[in-house]
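Asker: No gaps in the numbering here: position 95 of the sequence shown is 148 in this note's numbering, and each next residue is one more.
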Amino acid sequence: MDRLKVGLIGASFPNFAAEQYGVYPRAIAALEKLATEWDFDLVTVTEPVQTAGQAETARRQLEDAGADFLLVQASSFAMGDVILPVARMDVPLGLWAVPEPSLDGEIPLNSFTGFNMFASIVWLNLPERRFPFKWFYGDPDDDRFRRRLRLTVQALTTLKRLRQTRIALIGDIAPTFYNFAYNADSIAERLGVRVEQRSLDEVFDRVPRYETEQVSALVAEMTGRAAGVAVSRDWLELTGRVVLAIRDLADQGSYSALALRCFPEFQSELGGFGPCAAVSWLNDTGLVTSCEGDVLGALSMLALHFLCGEPTTLLDLVAVVEAEGQDMVQFWHCGPTAASLADEAGLRLIYHPTLDRASPPGKPPSGAAADLVLAPGPATIMRFSSGTDRAFLMTGDIVEGPTRGYDGSRGWMSNLRINGQPASIPDLMETMAYHGLPHHYPLALGEWADALHELAGWSGIDILERVPYRDHLIRQ
């Protein structure tokens, strides 16, 4: 996929000392290093921009280069007509002021005033701009400058990658799971992601076609990654065939993520088979896959995956514990989670923990699922709404719970924060009920709240607020 392209302009005025202090050349050198470190392309207007004509030329240069983000440094004070041409580019904009090199005598740069004027002009004179602008202040090696720019690069890289992706719904939404409805047009308009629907028969028809050697090689990889295997060989081989079939379908359609309808057809067509272990392996090997036909779950997992660069998962919230000083909730699902998210005990391949609950005595167990507990540490949950105009964002810590949790993929989370606000269990329940949150929670290990706020800010997405608990009914 194409990398993010950051355009850089240095605006100045000859009466000030930007050239004498080498303000803009130092900025170019520093951002070239960051481009390598953070994996983006830097497109530089090498000469200072001091006139409206030079600004027009710079704009054409950056548009021709396909810049995705424009960073304008007020290398010193500059005239107001410099900002208008470049700010008319239809890309996110950053305005950057630098500190003065001395604090008495003649003012060397007057950069802050230039930045202040640029921000005011953009706000007042370009109300039609589709994107907001973000301020930056400091020398290129200042911690705050780097933190703010890092978040912007992370978020805009994720948004660019999303615009280059397609998601396939294989089959349809799981039966009666009406709260997984999605608006494909809104998803395409806001995030640029195309959603296509493919038939489950395209998977089933492929399953018997693979050579035994190919299937055996994949099974060897899967069992080699597992800490334990409690599933018979026939279920492992069928899991391998399903993995190959799904991946071939994804490759054929160039899909970056899948939403798989995992019941009831897999069971009726493949003798009681549950694809959870296959979903776990697909996620662990780079193909984001949600279960139960959850398109928005897949989209949210994909955004988290692009941000963190690691596998993500999709879980239900199934149990709560209100303890003195430490509330916690258990997230769980049948077994679709990647082995790389497991704690030190690792992943075990087990028979499916829910398919056989109503089976008659003596019936052979069904396979297969990934049994694991999430690794301890910070974790982030984020889910887009059906029109991707809103998102639920919650962070917390995966902790040791009162038990290992239910069989399948699971983890206990504590220290909950909803949109940055501390949340008790009743607060979480109130927020779920008030906003009508779907019952699937996309999760990534690590703390990604700031980057997700940045992504939401550039794409016009509102982060849902925590709704504090009250004994009385809280109406919409």
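Each residue gets a CB set at the ideal place from its N, CA and C atoms; glycine is no exception.
Indicate whether the contact test is met: 3 or more Cβ pairs, each with one atom in the stretch 456-474 and one in the stretch 368-383, closer than 8 Å.
Answerer: Judged by Cβ distances under 8 Å, the stretch 456-474 makes contact with the stretch 368-383, as three or more pairs qualify.
Asker: For the 8 Å Cβ check, are there 3 or more pairs between the stretch 351-359 and the stretch 431-450?
Answerer: Output reads yes: the stretch 431-450 touches the stretch 351-359.
Asker: Ends of the beta strand (DSSP E) at T366?
Answerer: That run of the beta strand (DSSP E) goes 366-374.
Asker: List the DSSP bridge partners of L87.
Answerer: Partner(s): none; L87 has no beta bridge.
Asker: May I ask you to verify whether the stretch 316-326 touches the stretch 278-285, counting CB pairs closer than 8 Å and requiring at least 3?
Answerer: No contact exists between the stretch 316-326 and the stretch 278-285.
Asker: Grouping DSSP H, G and I as helix and E and B as strand, with all else coil, what is N236?
Answerer: Coil.
Asker: Looking only at C-alpha atoms, which of Q305, S353, Q73 sits nearest to P101?
Answerer: When each option's Cα is compared against that of P101, the closest is Q73.
Asker: Taking C-beta to C-beta, are S419 and L408 nearer than 8 Å?
Answerer: Cβ distance < 8 Å, so S419 and L408 count as in contact.
Asker: By a C-beta neighbour count over all protein chains shown, 10 Å radius and 16 as the cutoff for buried, is D117 buried or exposed?
Answerer: Classification for D117: exposed.
Asker: In the DSSP assignment, what residue or residues form a beta bridge with S462?
Answerer: Note: S462 sits in a beta bridge opposite H386, L425.
Asker: Judging by CA-CA distance, which residue of G63, T265, T441, T292 is the nearest neighbour of G324?
Answerer: Taking only the C-alpha atoms, the option nearest G324 is T292.
Asker: Note down the Cα distance separating I223 from T211, rounded to an integer number of angstroms.
Answerer: One C-alpha to the other measures close to 24 Å.
Asker: Within 10 angstroms of the Cβ of I527, are there 16 or more other Cβ atoms? Answer buried if so, exposed if not.
Answerer: Exposed.
Asker: Which residue wins for smallest C-alpha separation from G489, given the options L177, V76, F233, P152?
Answerer: Of the listed residues, the one whose Cα sits closest to G489 is F233.
Asker: Taking the C-alpha atoms as reference points, what is the distance between A105 and V151?
Answerer: For A105 and V151, the distance between alpha carbons rounds to 22 Å.
Asker: Between which two residues does the alpha helix (DSSP H) holding Q305 run?
Answerer: Start and end: 286-306.
Asker: What are the start and end residues of the beta strand (DSSP E) that includes C344?
Answerer: Where C344 is concerned, the enclosing beta strand (DSSP E) stretches over 341-344.
Asker: Counting only the same chain and skipping the five closest in sequence on each side, list residues whose C-beta sits under 7 Å from that of V272.
Answerer: Cβ within range, chain order: L289, E290, G293.
Asker: Looking at the structure shown, is Q529 part of a helix, part of a strand, or coil, going by DSSP?
Answerer: Q529 falls in the coil class under three-state DSSP.
Asker: With DSSP as the reference, please indicate the residues paired to L508 in a beta bridge.
Answerer: Beta-bridge pairing links L508 to no other residue.
Asker: Mind checking whether L427 and L505 have CB atoms under 8 Å apart?
Answerer: For L427 and L505, no; Cβs fall outside 8 Å.
Asker: Would you mind working out which of G430, F230, M142 sits nearest D396, comparing C-alpha positions?
Answerer: Nearest of G430, F230, M142 to D396, Cα basis: G430.
Asker: Beta carbon of Y494, beta carbon of L370: below 8 Å?
Answerer: It is a contact, given that the beta carbons lie within the stated cut-off.
Asker: Measuring alpha carbon to alpha carbon, tell me which residue in G63, Y487, L498 is nearest G449.
Answerer: The residue with the shortest Cα to Cα distance from G449 is L498.
Asker: Across the stretch 150-164 and the stretch 84-99, are there enough close Cβ pairs to call them in contact, namely three or more that are closer than 8 Å?
Answerer: With the cut-off at 8 Å, the stretch 150-164 and the stretch 84-99 do not touch.
Asker: Count the other CB atoms within 10 Å of the CB of E264; is the residue buried (16 or more) or exposed (fewer)?
Answerer: Per the 10 Å Cβ criterion, exposed.
Asker: Going residue by residue through the stretch 195-238, where are the continuous alpha helix (DSSP H) segments of at least 4 residues, counting only ones entirely within it?
Answerer: Here the runs fully enclosed are 196-216.
Asker: Let me know the secondary structure DSSP gives N163 once reduced to three states.
Answerer: It is coil, neither helix nor strand.
Asker: Closer than 8 Å is the cut-off here; do at least three beta carbon pairs connect the stretch 301-311 with the stretch 332-342?
Answerer: A contact exists between the stretch 301-311 and the stretch 332-342.
Asker: Could you name the residues that DSSP lists as bridge partners for Q126?
Answerer: In the DSSP output, where bridge partners are listed per residue, Q126 has G63, W149.
Asker: Within 10 Å of its beta-carbon, does Q267 have 16 or more other beta-carbons around it, so buried, or fewer, so exposed?
Answerer: Exposed is the call here.
Asker: Looking at the structure shown, is S393 part of a helix, part of a strand, or coil, going by DSSP?
Answerer: It is helical.
Asker: Using a threshold of 8 Å, state whether the C-beta atoms of F66 and Q126 are closer than that.
Answerer: No, the pair does not count as a contact, with Cβ atoms beyond the cut-off.
Asker: Kindly indicate which three-state DSSP category S467 falls into: helix, strand or coil?
Answerer: In the structure shown, S467 sits in a strand (DSSP, three-state: E or B).
Asker: Specify whether the stretch 135-148 and the stretch 183-196 touch according to this definition: at least 3 beta carbon pairs, one from each stretch, less than 8 Å apart.
Answerer: In short, these stretches touch, since the Cβ pair count reaches three.
Asker: Can you pull the DSSP bridge partners for R401?
Answerer: Answer by DSSP bridge pairing, in chain order: G281, D424.
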